[in-house]
Amino acid sequence: MIEFKRVWSDVYMIELQVTTHSVDVKSRVYLYTSEAKVSELSKELSEWFPRSETDVKEIVFGELGKGGRFGIGFLRIRMKLKNWNGHIQCDIEMSSNEQKYEEYYMHSKNVLITDIASINHFGQELENLTNRDGEIATIEPIKKVNKELPI
């Protein structure tokens, strides 16, 4: 699962807490962005529909290794068509970029398999993050119905 939560805001920026977890790993970073960027991303993901295996959508916040002394996080989610059943593979890379306190530094990579409808729904939920603090948007993984389902 990937969860975006709006933690705090002022007239210039919003702080997002992004959490991803699988069976083995849970990672969390804090990002700073603008309502305009979140709104633009919301529109793009609400309408995204991959037409081939080379149709890739990438979300990037921050710059890897450039968090400064406050540890402003980095996030990259690369989405691509996994198969023609409409399954989407999300390759997630995140870093706390913490340079002030090395013991708090975190860098993780994770993979989430979901579907196009979940990505489009996530895009719609992102628009709520422009409204008020505490709002949440999530991408849920596909639940395997039976062992023959290729994911």
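For the sequence shown, our numbering assigns the number 4 to the initial residue and increments by one for each residue that follows. Glycine included, every Cβ here is placed at the ideal spot set by N, Cα and C.
Query raised in the report: Between the region 40 to 47 and the region 74 to 90, do at least 3 Cβ pairs fall closer than 8 Å?
Result: The answer is no - the region 74 to 90 does not touch the region 40 to 47, with fewer than three Cβ pairs under 8 Å.
Query raised in the report: Do the CB positions of Ile95 and Ile5 come within less than 8 Å of each other?
Result: The residue given as residue 95 occupies position 92 in the sequence shown. The residue given as residue 5 occupies position 2 in the sequence shown. A contact, by the Cβ cut-off of 8 Å.
Query raised in the report: From Asn113, Leu48, Ser99, pick the residue whose C-alpha is nearest to that of Ser25; which is it?
Result: Locating residue 25 in the sequence shown gives position 22, where the first residue counts as 1. The shortest C-alpha separation from Ser25 is found at Asn113.
Requested in this report: Can you say whether Tyr15 is buried or exposed, counting buried as having 16 or more other CB atoms within 10 angstroms of its CB?
Outcome: Locating residue 15 in the sequence shown gives position 12, counting from the first residue. With fewer than 16 Cβ atoms within 10 Å of its Cβ, Tyr15 is classed as exposed.
Query raised in the report: Which of the three DSSP states, helix, strand or coil, is assigned to Ile80?
Result: Counting from 1 along the sequence shown, the entry for residue 80 is found at position 77. Here Ile80 sits in strand by DSSP.
**Report entry** Ile62 vs Ile91 beta-carbon contact at 8 Å
**Finding:** Against the sequence shown, residue 62 aligns to sequence position 59. Against the sequence shown, residue 91 aligns to sequence position 88. Contact: no.
Report task. Can you have a look at Asn149 and say buried or exposed, based on whether 16 or more other CB atoms are within 10 angstroms of its CB? Result -> Along the sequence shown, one-based indexing puts residue 149 at 146. Because Asn149 carries a pLDDT of 49, less than 50, the predicted location of this residue cannot be relied on, and the following value inherits that uncertainty. With fewer than 16 Cβ atoms within 10 Å of its Cβ, Asn149 is classed as exposed.
Requested in this report: Would you grab the beta carbon distance between Met97 and Thr23 for me? Rounded to a whole angstrom, and I think it's under 8 Å.
Outcome: Here residue 97 refers to the residue found at position 94 when the sequence shown is read from its first residue. Here residue 23 refers to the residue found at position 20 when the sequence shown is read from its first residue. Contact between Met97 and Thr23 is confirmed by a C-beta separation of about 7 Å, below the 8 Å threshold.
Query raised in the report: To the nearest whole angstrom, what separates the beta carbons of Tyr33 and Glu18, a pair I think is in contact under 8 Å?
Result: Within the sequence shown, numbered from 1, the residue matching residue 33 stands at position 30. Within the sequence shown, numbered from 1, the residue matching residue 18 stands at position 15. The pair is a contact, with the Cβ atoms about 6 Å apart (cut-off 8 Å).
Query raised in the report: Once you ignore the five residues that flank Gly137 on each side, which residues in its own chain have a CB closer than 7 Å to its CB?
Result: Taking the sequence shown and counting its residues from 1, the one referred to as residue 137 is at position 134. Exclusion of the five residues before and after Gly137 leaves Arg9 as the residues of its chain whose Cβ lies within less than 7 Å of its Cβ.
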